[in-house]
């Protein structure tokens, strides 16, 4: 419904410039070394570069940002439904989408995409560790590893926005988590920073 009613556009000048460089829009052939000029991590954007090499007329950069934002919104909605149930989660999520998701999708940027993915991963980690009792060991390692990888991926998109979200959630975790959950939360954050 959003894409039927609205047309997204690349909003930051640097993002638009990088999209043109990656797609060969300036008349030069796409070059993967252009990532380094603007602080993009080649590990993350190599697939975008390869897709532009394969089909340069598609806006692979925009599709890439929309896919990451979709993943973040899916994680947030799934978490809300698990926490408070569908009847409460749905209206709360709709309000969240109109306040944050709608503007983020309308003006695509790496910074907003990174912060949304970090928000989803940090809140999910906080939720997982708040559910655990003081005596219970951590159970779902696969999900924990996946969330750490989401934080790493978000930091590869934009380091400063991810660290800001992680710092805000670190403050919230000191209030919301018990000692064992707080320790596990900080270890997960430290692992993602080190990676």
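In the numbering used here, the protein residues as written are 35 to 229. The beta carbon of each residue, even a glycine, is placed where N, CA and C say it ideally should be.
Can you tell me whether residue i sits near the ligand COA, meaning its C-beta is under 7 Å from at least one heavy atom of the ligand?
| i | result |
| --- | --- |
| residue 104 | Only the bare structure without any ligand can be found here, which leaves the ligand COA out of the picture. |
Quick one, which of the options has its alpha-carbon nearest residue i's?
| i | options | result |
| --- | --- | --- |
| residue 80 | 91, 98, 161 | 98 |
| residue 155 | 108, 141, 87, 211 | 108 |
| residue 196 | 145, 225, 205, 164 | 145 |
| residue 124 | 112, 133, 218 | 112 |
| residue 225 | 164, 159, 131 | 159 |
Look at the alpha carbon of residue i and the alpha carbon of residue j, and state the distance between them as a whole number of angstroms.
| i | j | result |
| --- | --- | --- |
| residue 138 | residue 148 | 11 Å |
| residue 118 | residue 143 | 31 Å |
| residue 152 | residue 91 | 30 Å |
| residue 96 | residue 202 | 28 Å |
| residue 127 | residue 136 | 12 Å |
| residue 212 | residue 116 | 20 Å |
| residue 114 | residue 209 | 20 Å |
| residue 206 | residue 181 | 18 Å |
| residue 176 | residue 198 | 25 Å |
| residue 134 | residue 88 | 33 Å |
| residue 106 | residue 140 | 16 Å |
| residue 110 | residue 104 | 10 Å |
| residue 217 | residue 184 | 20 Å |
Might you give, ordered along the chain, the residues of its own chain that have their beta carbon closer than 6 Å to the beta carbon of residue i, omitting 5 neighbours on each side?
| i | result |
| --- | --- |
| residue 75 | 190 |
| residue 85 | 94 |
Considering residue i, what are the terminal residues of the alpha helix (DSSP H) in which it resides?
| i | result |
| --- | --- |
| residue 134 | Neither: residue 134 is in no alpha helix (DSSP H) and is coded neither H nor E. |
| residue 177 | 175-191 |
Confirm, please, whether the CB-CB distance from residue j to residue i is below 8 Å.
| i | j | result |
| --- | --- | --- |
| residue 229 | residue 186 | yes |
| residue 200 | residue 223 | yes |
Go through its chain and collect everything with a Cβ distance to residue i's Cβ below 7 Å, but skip five positions before and after it.
| i | result |
| --- | --- |
| residue 102 | 147, 151 |
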